[in-house]
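**Student:**
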Amino acid sequence: MKRVLVSGGAGYIGSHVTVELINAGYDVVVADNMSNCDLTCFEGVKKITGRDDIPFIEMDCCDDAAVADLFSKYRIDAVIHFAAFKAVGESVAEPVKYYRNNLDSFLNILEAAKTHGGCNVLFSSSATVYGETDKLPVTEESPRQPATSPYGNTKQICEDILRDVVKAAAGYDAMEPGADRKGVVKGIALRYFNPIGAHPSALIGELPRGVPNNLVPYITQTAIGKRECLSIFGNDYPTPDGTCLRDYIDVVDLAKAHVAAVGRMLDGKMEESYEIFNIGTGRPVSVLELVNAFEKVNGLKLNYRFAPRRAGDTTAIWADPMRANRELGWKAERTLEETLASAWAWEKHIAGK
Ligand code: UD1
Numbered sequence: 281m282k283r284v285l286v287s288g289g290a291g292y293i294g295s296h297v298t299v300e301l302i303n304a305g306y307d308v309v310v311a312d313n314m315s316n317c318d319l320t321c322f323e324g325v326k327k328i329t330g331r332d333d334i335p336f337i338e339m340d341c342c343d344d345a346a347v348a349d350l351f352s353k354y355r356i357d358a359v360i361h362f363a364a365f366k367a368v369g370e371s372v373a374e375p376v377k378y379y380r381n382n383l384d385s386f387l388n389i390l391e392a393a394k395t396h397g398g399c400n401v402l403f404s405s406s407a408t409v410y411g412e413t414d415k416l417p418v419t420e421e422s423p424r425q426p427a428t429s430p431y432g433n434t435k436q437i438c439e440d441i442l443r444d445v446v447k448a449a450a451g452y453d454a455m456e457p458g459a460d461r462k463g464v465v466k467g468i469a470l471r472y473f474n475p476i477g478a479h480p481s482a483l484i485g486e487l488p489r490g491v492p493n494n495l496v497p498y499i500t501q502t503a504i505g506k507r508e509c510l511s512i513f514g515n516d517y518p519t520p521d522g523t524c525l526r527d528y529i530d531v532v533d534l535a536k537a538h539v540a541a542v543g544r545m546l547d548g549k550m551e552e553s554y555e556i557f558n559i560g561t562g563r564p565v566s567v568l569e570l571v572n573a574f575e576k577v578n579g580l581k582l583n584y585r586f587a588p589r590r591a592g593d594t595t596a597i598w599a600d601p602m603r604a605n606r607e608l609g610w611k612a613e614r615t616l617e618e619t620l621a622s623a624w625a626w627e628k629h630i631a632g633k
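First residue of the sequence shown? That's 281 in the numbering used here, and the numbers climb one at a time after it.
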């Protein structure tokens, strides 16, 4: 059985990915430093999968000795690397913290992967690398724009690091038979659009600390009474209803894309040693449409008001997901309504209602 290391596997996306990997028959090792989560989601993963024996290592991937130790202890066939800070605003205020954490952890993983004979590495990237563009939808060939935050920059830099590491390892292919091929690394970067929603069991989901920055947790917390009123940032954008357009991808669909990508790497199906895929639905949805859909599917009224634009927001971005559809045999399946119902069920679950 192939073994996948999920770094940051106790977090929002990592926990959903762990469930889908186990459902697909992989052995999974979860490593997390618990800096942005507690054990709620990992406990949920155990309940959903009925598995009490998933190895969980509380460790920081910035600790190179701990990462090396992990690779010595377990034979790892593939790594899915989530362990990173992700708050855009905080990254602007504390860039060193972001560069230190997001780069060090990834470098340690890559170094250990190489030292232990190489493996497949899947990096969790973001549509933020495309920045503001009016050529929509974006394909993987769309140019990346200079990052608008240190967080976004770490995504770009880590993509480049993975590309270079893979390129160096590809040189091994030209070696004489019998040469030491230790250290071959293949890589995939998945560029997520806007992940939202929760597992249909409502046992795992997003657990933001403090005031949420992202739209859907802010909506669900407003609906449950934890926040007074949602501010819709800007209704004067050049879009049909004046609010921003995004591509909201269900987190379970997103998790399944990881399983497809890991399978592609492990089954030797990659066409290039480093590949990039957009993971989105291909459908733009405005903030107002999303709010209306949330109200309708959950049968409630949300307290919201229009507020000034938020600095750094792009007007519109959505994916062309054709490459992932074709090459990974993956497609977003859950409807926006199902996803928003799952987000609400999760909020009620954590509120104990
Ligand atoms: C941000 C990050 C992205 C990351 C994603 C998910 C950037 C520029 N964006 O995307 O990399 O993958 O989060 O973590 O790096 N909105 C409101 N009111 C709110 C909150 C949001 O109106 O209280 C609006 C925003 O203006 C935006 C939309 O909702 O138009 C989505 O915002 P958000 O959920 O924060 O995601 P992004 O900024 O698109």
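Even for Gly, the Cβ is constructed at its ideal location relative to N, Cα and C.
Given that a residue counts as buried once 16 or more other Cβ atoms are within 10 Å of its Cβ, and exposed if not, what is V297?
**Tutor:** Sequence index remark: in the sequence shown, residue 297 carries index 17 (1-based). Its Cβ being crowded by 16 or more others within 10 Å, V297 is buried.
**Student:** Indicate the three-state DSSP secondary structure (helix, strand or coil) for H396 in the structure shown.
**Tutor:** For the purposes of this step, residue 396 is taken as the residue at position 116 of the sequence shown. The answer is coil: DSSP assigns H396 none of H, G, I, E or B.
**Student:** How big is the Cα-Cα spacing for I389 and C341?
**Tutor:** Walking along the sequence shown from the start, residue 389 turns up at place 109. Walking along the sequence shown from the start, residue 341 turns up at place 61. Cα to Cα, I389 sits roughly 7 Å from C341.
**Student:** Would you check whether the ligand UD1 has a heavy atom nearer than 7 Å to the C-beta of V418?
**Tutor:** Along the sequence shown, one-based indexing puts residue 418 at 138. Checking every heavy atom of the ligand UD1 against the Cβ of V418, none is found closer than 7 Å.
**Student:** Exposed or buried, what is C399 when buried is set at 16 or more other beta-carbons lying within 10 Å of its beta-carbon?
**Tutor:** Taking the sequence shown and counting its residues from 1, one reaches residue 399 at position 119. Classification of C399: buried, given that the 10 Å Cβ count is 16 or more.
**Student:** Taking only three categories from DSSP, how would you classify D307?
**Tutor:** The sequence position of residue 307 within the sequence shown is 27, counting from 1. Strand, per DSSP.
**Student:** Tell me whether G477 sits in a helix, a strand or coil according to DSSP, three-state version.
**Tutor:** Here residue 477 is taken as the residue at index 197 of the sequence shown, counted from 1. Here DSSP, grouped into helix, strand and coil, assigns G477 to coil.
**Student:** For Y584, which beta-bridge partners are listed by DSSP?
**Tutor:** Numbered from its first residue, the sequence shown carries residue 584 at position 304. L510.
**Student:** Quick check: does the Cβ of S315 come within less than 7 Å of any heavy atom belonging to the ligand UD1?
**Tutor:** Reading the sequence shown from its first residue, position 35 is the one you call residue 315. No, since every heavy atom of the ligand UD1 falls outside the 7 Å radius drawn around the Cβ of S315.
**Student:** Would you report the Cα separation of G432 and V299, rounded to the nearest angstrom?
**Tutor:** Along the sequence shown, read from residue 1 onward, the residue named residue 432 stands at position 152. Along the sequence shown, read from residue 1 onward, the residue named residue 299 stands at position 19. Cα-Cα distance, rounded: 27 Å.
**Student:** Along the beta strand (DSSP E) that carries R424, what are the first and last residues, could you check?
**Tutor:** Taking the sequence shown and counting its residues from 1, one reaches residue 424 at position 144. It is not in any beta strand (DSSP E) - R424 carries neither H nor E in the DSSP assignment.
**Student:** Could you compute how far the alpha carbon of G543 sits from the alpha carbon of A392?
**Tutor:** Locating residue 543 in the sequence shown gives position 263, counting from the first residue. Locating residue 392 in the sequence shown gives position 112, counting from the first residue. Roughly 21 Å between the two C-alpha positions.
**Student:** Tell me whether the beta-carbon of L568 lies closer than 8 Å to the beta-carbon of I512.
**Tutor:** Here residue 568 refers to the residue found at position 288 when the sequence shown is read from its first residue. Here residue 512 refers to the residue found at position 232 when the sequence shown is read from its first residue. In contact: L568 and I512 (Cβ atoms closer than 8 Å).
**Student:** Would you say the beta carbon of V567 is closer than 7 Å to some non-hydrogen atom of the ligand UD1?
**Tutor:** Locating residue 567 in the sequence shown gives position 287, counting from the first residue. Yes, Cβ of V567 sits closer than 7 Å to a heavy atom of the ligand UD1.
**Student:** Among all the DSSP beta bridges, which residues are the ones paired with S405?
**Tutor:** For the purposes of this step, residue 405 is taken as the residue at position 125 of the sequence shown. Paired residue(s): R471.
**Student:** I630: which of A290, N313, I302 and G324 sits nearest, CA to CA?
**Tutor:** Taking the first residue of the sequence shown as 1, we reach residue 630 at position 350. When the alpha-carbon of I630 is set against those of A290, N313, I302 and G324, the nearest one is in G324.
**Student:** Work out the CA separation of N558 and N605 for me, nearest whole Å.
**Tutor:** In the sequence shown, residue 605 corresponds to position 325, counting from 1. In the sequence shown, residue 558 corresponds to position 278, counting from 1. Taking the straight line from one Cα to the other gives about 10 Å.
**Student:** Which of the three DSSP states, helix, strand or coil, is assigned to E569?
**Tutor:** Here residue 569 is taken as the residue at index 289 of the sequence shown, counted from 1. Look at E569 here: in three-state DSSP terms it is helix.
**Student:** Are the Cβ atoms of K435 and V409 separated by less than 8 Å?
**Tutor:** Position 155 of the sequence shown, counting from 1, holds the residue named residue 435. Position 129 of the sequence shown, counting from 1, holds the residue named residue 409. Going by C-beta atoms, K435 is nearer than 8 Å to V409.
**Student:** Do F513 and the ligand UD1 come close, with the Cβ less than 7 Å from some heavy atom?
**Tutor:** What you label residue 513 is simply residue 233 of the sequence shown in a count that begins at 1. At least one heavy atom of the ligand UD1 is nearer than 7 Å to the Cβ of F513, so yes.
**Student:** For E486, which residues of its own chain have a beta-carbon under 6 Å away from its beta-carbon, when the five flanking residues on both sides are left out?
**Tutor:** Working through the sequence shown from its first residue, we reach residue 486 at position 206. If we look at E486 and ignore the five residues flanking it on each side, its Cβ neighbours are Y292 and P497.
**Student:** Should R590 be listed as close to the ligand UD1, given that the test is whether its C-beta is under 7 Å from any heavy atom?
**Tutor:** The residue you call residue 590 lines up with position 310 of the sequence shown. At least one heavy atom of the ligand UD1 is found less than 7 Å from the C-beta of R590.
**Student:** Which ranges does the alpha helix (DSSP H) cover as unbroken runs of at least 4 residues, wholly within the stretch 311-356, from first to last along the chain?
**Tutor:** 320-329 and 344-353
**Student:** Less than 7 Å between C-beta atoms, sequence neighbours within five positions excluded: which residues of the same chain meet that for E575?
**Tutor:** One-based indexing of the sequence shown puts residue 575 at position 295. Taking E575 as the centre and dropping the five residues before and after it, the same chain places the C-beta of K581 and L582 closer than 7 Å to its C-beta, in chain order.
**Student:** Run the CB neighbour count on A535, radius 10 Å, all protein chains shown included, and call it buried at 16 or more, exposed below.
**Tutor:** Within the sequence shown, the letter at position 255 stands for residue 535. Looking at its Cβ environment, which holds 16 or more other Cβ atoms inside 10 Å, A535 is buried.
**Student:** Within the continuous beta strand (DSSP E) that includes A244, where are the two ends?
**Tutor:** For residue 244 there is no data in the structure shown, the boundaries of the chain being 281 and 633.
**Student:** G562 to K326, Cα distance in whole Å?
**Tutor:** For this step, residue 562 is matched to residue 282 along the sequence shown. For this step, residue 326 is matched to residue 46 along the sequence shown. Taking the straight line from one Cα to the other gives about 32 Å.
**Student:** From which residue to which residue does the alpha helix (DSSP H) around L495 run?
**Tutor:** Translated into positions along the sequence shown, residue 495 becomes position 215. Its alpha helix (DSSP H) spans residues L495 to I504.
**Student:** Determine the contact status of Y584 and L510, defining contact as a CB-CB distance below 8 Å.
**Tutor:** Taking the first residue of the sequence shown as 1, we reach residue 584 at position 304. Taking the first residue of the sequence shown as 1, we reach residue 510 at position 230. It is a contact, given that the beta carbons lie within the stated cut-off.
**Student:** Between the Cα of A364 and those of N382, F322 and K611, spot the shortest distance and give me the residue it belongs to.
**Tutor:** By 1-based counting over the sequence shown, the position of residue 364 is 84. When only C-alpha atoms are compared, the closest one is N382.
**Student:** Measure the CB-CB distance between A427 and T519 and report whether it falls below 8 Å.
**Tutor:** In the sequence shown, residue 427 corresponds to position 147, counting from 1. In the sequence shown, residue 519 corresponds to position 239, counting from 1. Inclusion of A427 and T519 in the CB contact set at 8 Å is not warranted, their separation being larger than that value.
**Student:** Taking 7 Å as the cut-off, is the C-beta of Y378 nearer than that to any heavy atom in the ligand UD1?
**Tutor:** Numbered from its first residue, the sequence shown carries residue 378 at position 98. Not so, every heavy atom of the ligand UD1 lies at least 7 Å from the Cβ.
**Student:** Who are the near neighbours of E439 in its chain, counting only those whose CB is closer than 6 Å to its CB and skipping five residues on each side?
**Tutor:** Along the sequence shown, one-based indexing puts residue 439 at 159. Here the set comprises S405 and A469.
**Student:** Which ranges would you report for the alpha helix (DSSP H) in the stretch 529-567 if only whole runs of at least 4 residues count?
**Tutor:** 531-546
**Student:** With respect to 7 Å, is the separation between the Cβ of V372 and the closest non-hydrogen atom of the ligand UD1 below this value?
**Tutor:** As a working mapping, residue 372 is identified with position 92 in the sequence shown. Because no heavy atom of the ligand UD1 lies under 7 Å away, the Cβ of V372 does not count as near it: no.
**Student:** Is the beta carbon of V359 within less than 7 Å of some heavy atom of the ligand PLP?
**Tutor:** Of the ligands one can find in the structure shown, namely the ligand UD1, none is the ligand PLP.
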